[in-house]
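Here the protein sequences line up with chains A and B, keeping their order. Heads up, the first sequence is in the numbering used here, so the first residue is 1 and it goes up one at a time. Heads up, the second sequence is in the numbering used here, so the first residue is 1001 and it goes up one at a time. Glycine included, every Cβ here is placed at the ideal spot set by N, Cα and C. Let me begin by presenting the structure, written as structure tokens, before commenting on it.
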Amino acid sequence: MLELIKKFCGVSGISGREDKVRELIISEIEGIADYEIDALGNLIVHKKGKKPAKNKVMVAAHMDEVGMIVTYISDDGTLKFSTVGGVDARVYLGRAVKVGENAVSGLIGVKPIHMLEKSEELDMPKADELYIDIGASSKEEAKSVVNLGDDVWFDSDIVTFGDGFLKGRALDDRVGCAVAVSMIKSELEYDMEFAFTVQEEIGTRGAATAAFGIAPDYAIVLETTTAADIPGVENEKRVCTLGEGAVVGFMDNGTIYDRELYKLAFRLGEENNIKVQTKTMVAGGNDARAIHKSGKGVRTIAVSLPCRYLHSPSCVIKLSDGECVRRLALLLGEEFCNA
Amino acid sequence: MLENKNALRDMIFELACADGTPGDEIQAVEKAAEMLEKYMPVRIDILGSVYGELQGDGPHIMLDAHIDRIGMIVTSVEDSGFIKFAKCGGTDARVLAAAEVTVWGSEPIYGVITSTPPHLSKGDESKKAKEFADLAIDTGMSGEALKKLVSPGDRVTVNTKTLELMGDRISCAALDDRAGVAAVLRCLEMLEGKNHGCKLSVLFSVQEETGGSGASAGGFSIAPDEAIAVDVSFAMAPGLKPEKCGVLGKGALIGYSPSLDYKISRDLERIANEKKIDYQYEVMGGKTGTNADEIQIAGKGVKMGLLSIPLRNMHTGAEIIDLNDVEAVAALMAEYVMERGRSDA
């Protein structure tokens, strides 16, 4: 799975620009499963199992990542931008980014600390003060390589470190994509549907049409979810913990999860020796938000990897949690298919 | 103007990628000493600064650039496997959340600085960066394993890539002041085979970012007649005041300040005009905030000049310079040394 994660994080794909991710996923499943691409760009995959399923089960993972989009080129050759998805300026000030089709290198400019009053030293710049510096010295020079509407993504590599940890940009949710692809590549008991969705980060747009198109009875959303198991954060505010396995929440800001499915996940975990943990805060949201209320309604569960520093250039996960997510998702899938 | 862009760029990146926070500059010192040895005999002083010296009958001129870079210092290793740290030099806390770092323990250790997840940032909290005391380094290791490799006092630097931007601009951490070190080395290259007759000393000084101790001791030991310090200064960028900044790519910043020798400043400006070297002014009302302040009052005193390379995003991993400015500083220093040698002969 590490190889798949590395591969999928190797390309950019901010919301609305998921093409490169989709092509990579297709290259992995070509010949193994049937697929189609819907109007929004969702990749819908049908994988035949050993037998037909009693219920239609959809596994979803989103292809897009948070980033930025170029909105203006200033006379001095610097670029103004909007964020795409929820990105906190505190994790991108002074960071390297890549811009547009030419993958031009740039940096988010920082007013030198020497020029701040002592009382301002921790103040973050206002959104309209932020800019990308590609080294151009004029508007014309910048225009020769950048267009308005160009996508911007963090210039941050995949790094394995410590005791089985992985750092990278876009782990949210290329990890989910990698888990889904590894499921497609495995021999499934029952026929299953997979949706690699677009535009999750700007409001679960793709999942809405993907779920409507597939019209499943059950859905499993494969995700990363925020973990705050770091110094200075105590008790319930830590939400979940890296290394403690798959995260299955009862409620987040988008979805109240099916109570029976929630309990089933923990039971399956216990019976099969898979670590499963809950979330100790009602926080975040994912494609389940759109899927559970699609059509006549879908019984939905989200199975996530705990992820530190979510939506930053340096997301951190533990690989062992990925294996828990994969195993639990497979077991849940079988249960749902045969329920 | 730029004779050999790739060679200059590569030299700067090689210097900038060497570790070397204040008080622990050994890696950068060794790299710079190796490069300096091509031009003159080299030694390392008590504080760790690099000295180079070429004999000559003319005036004794010293060229200085600081070899240290800003960073962080480990204050404790937690049982949870996280590292607490303080700044070492003027590191900007606003750019640290979720930054990648190297912890220079008994072996280099990769880490990520913690950041507050969005769900815990209520209201205005995202408008303020965390203080150093509220940040930690995530190494993905157990406290037990980590304590065998890291101890308080070990240094930490931010990992950045070496980036080529448009035109002749480049970016990476520690261009402050490895770009200055490179300018001095490039100047020596330009002077090679030229018979200027000056006694020429070079000082790559330690601990500038924590107050200039290396410049103090170096200025005293070398005791030149005059010296030029090379540092970086603010380059104009969106949101900054033009009167406080140079401009990237517009040449060497010639310092004028009460603490700098007025004649040296004027000579540098005249020579730049004569030799058609791009320059700009950096005028300050008091001290310069560079090694020039320390060297000036070292021993019985040194006549000081200051040349600066304009730089954006100072004291972050996103420092940007224009190679033409480094070349201009080098060329101006070289012409200055040539003229001083000749005029004194």
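CA nearest to the CA of residue i, picked from the options
i, options, result
"Asp128(A)", "Ser82(A), Asn42(A), Glu270(A)", "Ser82(A)"
"Arg1340(B)", "Asp1177(B), Ala1032(B), Lys1194(B), Leu1135(B)", "Lys1194(B)"
"Glu1294(B)", "Lys1263(B), Ala1334(B), Leu1203(B)", "Leu1203(B)"
"Tyr218(A)", "Gly232(A), Leu261(A), Arg17(A)", "Leu261(A)"
"Ser1049(B)", "Arg1342(B), Leu1260(B), Ser1221(B), Lys1241(B)", "Ser1221(B)"
"Ser1142(B)", "Gly1105(B), Asp1134(B), Leu1200(B), Ile1083(B)", "Ile1083(B)"
"Gly1305(B)", "Asp1322(B), Arg1312(B), His1315(B), Lys1287(B)", "Lys1287(B)"
"Thr300(A)", "Lys56(A), Leu166(A), Glu117(A), Pro125(A)", "Lys56(A)"
"Met1166(B)", "Gly149(A), Val145(A), Ala170(A)", "Val145(A)"
"Val1103(B)", "Glu1192(B), Leu1332(B), Gly1020(B)", "Gly1020(B)"
"Lys1161(B)", "Leu1175(B), Gly1218(B), Ser1151(B)", "Leu1175(B)"
"Thr1164(B)", "Leu166(A), Met1(A), Ser105(A)", "Looking at the sequence shown, residue 1164(B) is not Thr but Glu. Ranking the options by Cα distance to Glu1164(B), first place goes to Ser105(A)."
"Gly135(A)", "Arg1312(B), Gly1153(B), Val1337(B)", "Arg1312(B)"
"Pro125(A)", "Pro112(A), Lys139(A), Asp151(A)", "Pro112(A)"
"Val1025(B)", "Ser1213(B), Pro1238(B), Ala1318(B), Asp1068(B)", "Note on residue identity: the sequence assigns Glu, not Val, to residue 1025(B). When only C-alpha atoms are compared, the closest one is Asp1068(B)."
"Lys47(A)", "Ala53(A), Lys54(A), Ile37(A), Ala33(A)", "Ala33(A)"
"Ala211(A)", "Leu148(A), Ala288(A), Asp172(A)", "Ala288(A)"
"Ala1183(B)", "Lys1147(B), Gly1023(B), Ile1321(B), Glu1078(B)", "Ile1321(B)"
"Thr1091(B)", "Arg1270(B), Ile1073(B), Leu1200(B), Asp1278(B)", "Ile1073(B)"
"Arg90(A)", "Glu1125(B), Asp1079(B), Pro1108(B)", "Glu1125(B)"
8 angstroms CB neighbourhood of residue i in its chain, flanking five on each side removed
i, result
"Lys1300(B)", "Ala1223"
Where residue i meets chain A, residues with beta-carbon distance less than 8 angstroms
i, result
"Gly1090(B)", "Ile113, His114"
"Asn992(B)", "The first residue shown for chain B is 1001 and the last is 1345, placing residue 992(B) beyond what the model contains."
"Thr1160(B)", "Ala96"
"Pro1041(B)", "Those within 8 angstroms of Pro1041(B) in chain A number zero; the least Cβ separation is about 36 angstroms."
"Thr1102(B)", "Those within 8 angstroms of Thr1102(B) in chain A number zero; the least Cβ separation is about 11 angstroms."
"Thr1290(B)", "Residues of chain A passing the Cβ test: none, with the nearest at roughly 12 angstroms."
Counted within 10 angstroms of its Cβ, other Cβ atoms place residue i as buried (16 or more) or exposed
i, result
"Val1283(B)", "exposed"
"Asp155(A)", "buried"
"His114(A)", "exposed"
"Ala39(A)", "exposed"
"Thr209(A)", "buried"
"Pro1242(B)", "exposed"
"Ala1345(B)", "Interpretation of Ala1345(B) is limited by its pLDDT of 45, a score under 50 that renders its predicted location unreliable; no figure is taken from the coordinates."
"Met1011(B)", "buried"
"Asn338(A)", "exposed"
"Gly297(A)", "exposed"
"Tyr309(A)", "buried"
"Pro1059(B)", "buried"
"Thr71(A)", "exposed"
"Gln1280(B)", "buried"
"Pro1152(B)", "exposed"
"Lys1276(B)", "exposed"
"Lys279(A)", "buried"
"Tyr1262(B)", "exposed"
Contact set for residue i: own chain, Cβ-Cβ below 7 angstroms, skip 5 residues either direction
i, result
"Thr241(A)", "Ala227, Asp229, Gln277, Pro306"
"Ala283(A)", "Thr226, Val239, Asp252, Asn253"
"Glu1131(B)", "Ala1093"
"Ala329(A)", "Val59, Val179, Met183, Ile220, Leu222, Val303"
"Asp1045(B)", "Tyr1051, Ala1217, Gly1218, Ser1221"
"Asp1229(B)", "In the sequence as displayed, the identity of residue 1229(B) is Ala instead of Asp. Hits under 7 angstroms: Asp1064, Thr1290, Asn1291, Ala1292, Ile1295, Met1304, Leu1306."
Other residues of its chain near residue i: CB distance less than 6 angstroms, five sequence neighbours each side excluded
i, result
"Ala1033(B)", "Val1042, Val1050"
"Arg1342(B)", "none"
"Val110(A)", "Leu93, Gly94"
"Cys324(A)", "Gly245, Ala246, Ile274, Lys275"
"Gly206(A)", "Leu40, Asn42, Thr197, Val198, Gln199"
Contacts that residue i makes with chain B (C-beta to C-beta distance below 8 angstroms)
i, result
"Met63(A)", "By Cβ distance, chain B contributes nothing, its closest Cβ being about 21 angstroms from Met63(A), past 8 angstroms."
"Val316(A)", "Val1112, Asp1138, Gly1140"
"Leu351(A)", "A question about residue 351(A) goes unanswered here, because the residues of chain A that appear run from 1 up to 339."
Where residue i meets chain A, residues with beta-carbon distance less than 9 angstroms
i, result
"Ile1320(B)", "Leu107, Gly109, Asp133, Gly135"
"Leu1165(B)", "Val104, Ser105, Gly106, Leu107, Asp133, Ile134, Gly135, Ala136"
Contacts that residue i makes with chain D (C-beta to C-beta distance below 7 angstroms)
i, result
"Tyr1110(B)", "Looking for chain D here will not work: the only protein chains present are A and B."
Neighbouring residues, chain B, relative to residue i (Cβ below 7 angstroms)
i, result
"Leu346(A)", "Limits of chain A in this structure are 1 at one end and 339 at the other, which puts residue 346(A) out of reach."
"Glu18(A)", "Going along chain B, no residue has its Cβ under 7 angstroms from Glu18(A), so there is no contact; the nearest lies around 22 angstroms."
Contact set between residue i and chain A, taken where Cβ atoms lie within less than 7 angstroms
i, result
"Gly1239(B)", "Lys111, Glu129"
Segments assigned beta strand (DSSP E), at least 3 residues, entirely inside the segment 55 to 120 of chain A: Fully contained in the segment 55 to 120 of chain A are the following beta strand (DSSP E) runs of length 3 or more, in chain order: 57 to 62, 67 to 73, 79 to 84, 96 to 99, 104 to 108.
Whole beta strand (DSSP E) elements within the segment 1029 to 1064 of chain B, 3-residue minimum: As for any beta strand (DSSP E) of minimum length 3 sitting wholly inside the segment 1029 to 1064 of chain B, the runs are 1042 to 1044, 1050 to 1054, ordered along the chain.
Whole beta strand (DSSP E) runs in the segment 244 to 326 of chain A with 3 or more residues, listed along the chain? Within the segment 244 to 326 of chain A, the complete beta strand (DSSP E) runs of at least 3 residues are 299 to 307, 315 to 318.
What are the start and end residues of each continuous beta strand (DSSP E) run of 3 or more residues lying completely inside the segment 1223 to 1276 of chain B, in chain order? Those beta strand (DSSP E) runs which fall completely within the segment 1223 to 1276 of chain B and span 3+ residues are 1226 to 1234, 1252 to 1256.
Which ranges does the alpha helix (DSSP H) cover as unbroken runs of at least 4 residues, wholly within the segment 1154 to 1224 of chain B, from first to last along the chain? You should have 1175 to 1191, 1213 to 1222.
For the segment 2 to 51 of chain A, list the alpha helix (DSSP H) runs that are entirely contained and at least 4 residues long, ordered along the chain. With a minimum length of 4 residues, the continuous alpha helix (DSSP H) runs that stay inside the segment 2 to 51 of chain A are 2 to 9, 19 to 29.
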